[in-house]
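Notes follow the structure.
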Amino acid sequence: MTSLDHPWDWLTHLTMALIPAIIVWMMTGNPWAGAVAGALCLYYREYMQAYYRAVRNGSAASPRTEVVALLAPWRWTPDSWGDVLVPVAVLLGAALAMTLLGA
């Protein structure tokens, strides 16, 4: 069990995504760029967690095959999808709100 195996994973993921999202948004002045940066950070984090889980369980045949297999989001668990989609939806919603408000 990792420190992120709890019912509030989506909130933890959101805070992890907000830092790069805010940094990129402030650097570029574009809220959509910030939302994309946050989403990419979440994807990378979920990918690495899935890879280390496979290694820990002994199901990693070789690093190369695991990297190719785990790049596919359809191999994630339903919990992983929820943990990633909720924060991404919040980031995209915030970017849309900033665009509509003219920020």
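Numbering (this note's numbering), first residue to last: 23 to 125.
In this text, a Cβ means the ideal position worked out from N, Cα and C, and glycines have one as well.
These numbers come from a predicted model, not from an experiment.
Distances from the CA of M38 to each of W54, L113, A119 were compared; the closest alpha carbon is that of L113.
The beta carbon of T50 sits closer than 8 Å to the beta carbons of G56 from its chain, once the five residues preceding and following it are set aside; these are given in chain order.
V77 and A119 have their alpha carbons spaced roughly 41 Å apart. Looking at H35, I41, A116, the one whose alpha-carbon comes closest to that of E68 is H35. Counting only residues of its own chain and dropping the five nearest sequence neighbours on each side, C63 has a CB closer than 6 Å to the CB of A39, P42.
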